[in-house]
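There are 2 protein chains.
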Amino acid sequence: MLQYRSMADSSSLDCDVAVVGAGLAGLTAAAELAARGFDVRVLEARDRVGGRLLNHPVGEEPEQVVELGGQWLGPGQREALALAADLGLATYPTHTEGENVLEDHRGRTSRYRGTIPRLNPVAVADVGQAQVRLSRLVRRVPPHAPWSAPGAERLDSQTFATWIHRTARTRLARETLALACRAVFAAEPAEVSLLHVLFYSASADGWDSLLDTDGGAQQDRIVGGSQLLAIRLAERIEDRVEVERPVRSIRSLDEGVVVDGLAARRAIVAVPPALAARIEFDPPLPSDRDQLTQRMGMGSVVKCMAIYDEPFWRADGLSGQGLSLPGPVQVSFDNSPPSASPGVLLGFLEADHARRLRSLPAAERRDRVLESFSRLFGSRAATPVDYVERDWSADPWSRGCYAGILGPGGWTGYGPALRRPSGRLHWAGTETATRWMGYFDGAIGSGRRAAREVVDRLER
Amino acid sequence: MLQYRSMADSSSLDCDVAVVGAGLAGLTAAAELAARGFDVRVLEARDRVGGRLLNHPVGEEPEQVVELGGQWLGPGQREALALAADLGLATYPTHTEGENVLEDHRGRTSRYRGTIPRLNPVAVADVGQAQVRLSRLVRRVPPHAPWSAPGAERLDSQTFATWIHRTARTRLARETLALACRAVFAAEPAEVSLLHVLFYSASADGWDSLLDTDGGAQQDRIVGGSQLLAIRLAERIEDRVEVERPVRSIRSLDEGVVVDGLAARRAIVAVPPALAARIEFDPPLPSDRDQLTQRMGMGSVVKCMAIYDEPFWRADGLSGQGLSLPGPVQVSFDNSPPSASPGVLLGFLEADHARRLRSLPAAERRDRVLESFSRLFGSRAATPVDYVERDWSADPWSRGCYAGILGPGGWTGYGPALRRPSGRLHWAGTETATRWMGYFDGAIGSGRRAAREVVDRLER
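The listed protein sequences derive, respectively, from chains A and B. Counting in my numbering, the first sequence runs from 1437 upward without gaps. Counting in my numbering, the second sequence runs from 1437 upward without gaps.
Here it is, written out as structure tokens:
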């Protein structure tokens, strides 16, 4: 039984606001509220802050890290860039110098520059016209209310796979678009509603910005690792953050809420819907919100990094960026720290590739990843000095990455329930963002928005 | 913290098998195991057995009931019919005598006989050819492994909405098929994978059998109400069933499992994936199973019944069966008990209709339902002596009805994880059935299959 004390008057509350989750969204909300003088507590299930951000030390030097979770920011991400600046964190560009590599169906590699590889000219044109059509659709979708887009029902009753199949005519173009879908959502085109793709693009600066490195969402990194965003933010409210404090129940009363035994005036739940689904709410959440949480599953991704004494591919004129149609690593990057020592190749196993490989023994999966790297960057890739990976779907406090995904019918059936407060409960997390959903920026923005909601109500 | 005692030897266990959930699946499994001499316990969250089966008394006579949950069985449902017979429960036919009513777009009503109404001849032919095509596809799908069907990926990368749109040419036919989808799944065609529709039909005796009353899944009812299936079954193992015992954690150890403090050799989790998702498993479930539970949301349905002194529509030559394209009640039945006293009209609010109406105040929703009944069956329908309804999505121990639904990418991405045991954990529930998934029959069959799995392992 849940224990709580009487909340007949507000003096018997433990705090003003309880925040569930010490990811970027929860920490941002808490820091905003603390700065305005509210008594706030953050309850975090893990033994660390940062949620889907996680630094991992590499090499000999201190403070050399790679990120096992989210790592990039890009132009137009005003919230993220402002927070980094505010926290005194410097950024540096993702390494893009040199040529990229494409591995085609038959395992033949070729070099190219830019985001879209030099497929055959017909396929390039085919991808191009598909992207133009997609961009046209994106402009119809208001990111704060995708369900109100003209033709929303039609856009939400088809999968991205159906749209790709109907729009692109060559196999090569279809596979390139499918690969892009996996790279953006860690989901197969079959799993994602077309309307979700359009919303997601509209919430960013368009579909291209999701894919691009230079000028796009993969442009920049944080010196010292992206988790520093969360760590530094948490330092500002250090005494308000409790780790290893999973929230399993939230009880709403007339006078306040009891969050895992902690009595507060209001609560901000700053975890993805798939995790909020695991909390026992008393009284139960409104049907729409509860059913939304049954439908917004997390993507499937294993992030893999091979560590070498140096980024040997640079000497070969290669950027470390690769695309592979056969996979299993379909997308790779040079993920070396600014010092370029050590050299790091980053590869993603996404969607079906992740599902197929994550059940293998770790050593076999490593072999498969290194084979991918070797085909793209040469045989030196087969013998790293170290190898690290992270299967985010095996982590019960994430249940997957990069973010929650809505399949067909999701936005039109349940969209308004994503952010609408339920009594004294407010929702944050990058999944609730209207700008850069799925990114740091969306998480931060959602935390600020949830904090504003709470302030508005508490200051009334 | 979870309290449990040492399980160094099996004598320190509380029982052989712990079963989570006292719906038909869990009770069947438990009864089978008990009959074979195993010490079994059933833990049920609610204060009653039966899960999605729930009797509700009506009228003056004792033992006159209507069912607020699942209520029908039909030919070919061998497990369900055998269980009813075994428990000494009689069946009676759903009332079908008389003509059915169709309300078209413009609110005009007309009478018809059979399952498919007399639309205009073009639309009838259009629905007919679509159903023929669907049946052809159904035959390709093996219900024990839909992901292995020829072309499974293609079938699973489109929504039923996409298929309807491509296959049917008239608006009337498309809307009729959409109505059928809502009636079967309590979901919009946008939400359901074509492969799920095919699997579901294959697990039954075809698409038609899902829709039909005479000769189909709505043919028969249980005298005394369907919940008696669960109540009588539970009586056989009365001392093994604990109600008001929600299971929030399951811990797997080398020697056994600890289910909410109860130590057993094995456990059968006999709740839908969307409910299993709320249990905290330690160690966490394999990624595939966990991610499956993030994606198999429950349908949306409010079951509504208006109770009259007598089934007045019968005197008008009407069966009480109605189809309405405008809705909100799109499907209705005469749901009177065998005595026909009182008379009961049953109407379903499904999918978008349920979502739109469930947020209204109860009195308004009632008015909307009675207006639907009145348009179909005349003004006497507006003044019932009683009215009852049940929104299954507002029930935290169901989270929706009729069953869990897989959207596109679900079966091909996660299908094998639906039934595969995880260590000492076995999965039951109608969602795991290969025959009549979503029906009593599937629940019972799944319970028997899970019991066999456990017996095989315990008797080794």
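In this text, a Cβ means the ideal position worked out from N, Cα and C, and glycines have one as well. Since we're looking at a predicted model, the values are computed, not measured.
Item: From B/Gly-1486 to B/Leu-1479, what does the alpha carbon distance come to, in whole angstroms?; Value: 12 Å
Item: Is DSSP giving A/Pro-1722 helix, strand or coil here?; Value: coil
Item: Give me the Cα-Cα distance between A/Gly-1753 and A/Val-1780, rounded to the nearest whole angstrom.; Value: 16 Å
Item: How should A/Leu-1469 be labelled, buried or exposed, when 16 other C-beta atoms within 10 angstroms of its C-beta is the threshold for buried?; Value: buried
Item: May I have a chain-ordered list of the beta strand (DSSP E) segments no shorter than 3 residues that lie completely inside the region 1601 to 1636 of chain B?; Value: none
Item: How would you list, in chain order, the residues of chain A whose beta-carbon sits under 9 Å from the beta-carbon of B/Arg-1569?; Value: The premise fails here: B/Arg-1569 is roughly 17 Å from chain A at the closest Cβ pair, so nothing lies under 9 Å.
Item: May I have the straight-line CA-CA distance separating B/Ala-1467 from A/Leu-1796, to the nearest angstrom?; Value: 37 Å
Item: Out of B/Arg-1804, B/Leu-1630 and B/Gly-1543, which one is the CA nearest neighbour of B/Val-1738?; Value: B/Arg-1804
Item: What residues from chain A crowd round B/Thr-1598, counting only those whose CB sits closer than 9 Å?; Value: Ser-1593, Gln-1594, Thr-1595, Thr-1598 and Pro-1844
Item: Taking the alpha carbon of A/Arg-1871 as the reference point, which residue from A/Gly-1883, A/Glu-1671 and A/Phe-1717 has its own alpha carbon closest?; Value: A/Gly-1883
Item: Indicate whether at least one CB of chain A lies closer than 7 Å to the CB of B/Gly-1697.; Value: no
Item: Which of helix, strand or coil does DSSP assign to B/Ser-1448?; Value: helix
Item: Who pairs with B/Pro-1493 in a beta bridge, going by DSSP?; Value: B/Val-1501
Item: State the start and end residues of the unbroken alpha helix (DSSP H) segment that holds B/Arg-1668.; Value: 1663 to 1672
Item: Against chain B, does A/Gly-1836 count as a neighbour if the rule is that its beta carbon must be under 7 Å from one of theirs?; Value: yes
Item: Quick check: is the beta carbon of B/Ala-1710 nearer than 7 Å to any beta carbon in chain A?; Value: yes
Item: Determine the chain B residues that contact A/Met-1734 at a beta-carbon separation under 8 Å, and present them in chain order.; Value: Gln-1727 and Gln-1730
Item: For a contact meaning CB atoms closer than 9 Å, what does A/Arg-1714 contact in chain B?; Value: Ala-1713, Arg-1714, Ile-1715 and Glu-1716
Item: Sorted by chain position, which residues of the same chain lie with C-beta nearer than 8 Å to A/Pro-1579's C-beta, five sequence neighbours on each side aside?; Value: Phe-1635, Ala-1638, Ser-1639, Thr-1870, Arg-1871 and Met-1873
Item: Quick one, which of B/Leu-1812, B/Leu-1728, B/Asp-1724 and B/Trp-1749 has its alpha-carbon nearest B/Val-1767's?; Value: B/Leu-1812
Item: I need the boundaries of the beta strand (DSSP E) containing B/Val-1695, first residue and last residue.; Value: 1693 to 1695
Item: Is A/Ser-1829 helix, strand or coil by DSSP?; Value: helix
Item: My output table needs one value for B/Asp-1770: the three-state DSSP class, helix, strand or coil.; Value: strand
Item: I want to know whether the region 1448 to 1468 of chain A touches the region 1705 to 1720 of chain A - three or more CB-CB distances under 8 Å.; Value: yes
Item: Excluding the 5 residues flanking A/Asp-1397 on each side, which residues of the same chain have their C-beta closer than 7 Å to its C-beta?; Value: In the structure as shown, chain A begins at 1437 and stops at 1896. Residue 1397 of chain A is therefore absent and cannot be evaluated.
Item: Nearest to B/Arg-1572 by alpha carbon, out of B/Gly-1534, B/Asp-1644 and B/His-1601?; Value: B/Asp-1644
Item: Short of 8 Å in beta carbon distance, which residues of its chain neighbour B/Glu-1533, apart from the five on each side in sequence? Order them along the chain.; Value: Arg-1750 and Ser-1755
Item: For B/Arg-1791, count neighbouring C-beta atoms within 10 Å of its own C-beta (all shown protein chains included) and say buried if the count is 16 or more, exposed if not.; Value: buried
Item: Give the interface partners of A/Pro-1832 over in chain B, defined as CB-CB distance under 7 Å, in chain order.; Value: Pro-1720
Item: My output table needs one value for A/Leu-1438: the three-state DSSP class, helix, strand or coil.; Value: Its pLDDT being 32, under 50, A/Leu-1438 is placed unreliably in this model, and the coordinates cannot settle the point.
Item: Spell out whether any CB of chain B is found under 7 Å from the CB atom of A/Glu-1678.; Value: no
Item: How long is the line joining the alpha carbons of A/Met-1437 and A/Pro-1720, rounded to whole angstroms?; Value: Legend: pLDDT at A/Met-1437 = 29, less than 50; position of this residue unreliable, no value from coordinates given.
Item: What is the rounded straight-line gap between the Cα of B/Leu-1761 and the Cα of B/Ala-1798?; Value: 23 Å
Item: Starting from the Cα of B/Ser-1503, find the closest Cα among B/Glu-1497, B/Asn-1491 and B/Gly-1510 and give me that residue.; Value: Here residue 1503 of chain B is Glu; the residue named in the question, Ser, does not match the sequence. Cα-wise, what sits closest to B/Glu-1503 is B/Asn-1491.
Item: Between A/Ser-1810 and chain B, is there a C-beta pair that is closer than 7 Å?; Value: no
Item: Distance cutoff 7 Å, beta carbons only. Does A/Met-1437 sit that close to anything in chain B?; Value: Low per-residue confidence applies at A/Met-1437: pLDDT is 29, beneath 50, and the placement is therefore not dependable, though the value from the model is reported in the following sentence. False, the Cβ-Cβ gap to chain B never drops below 7 Å.
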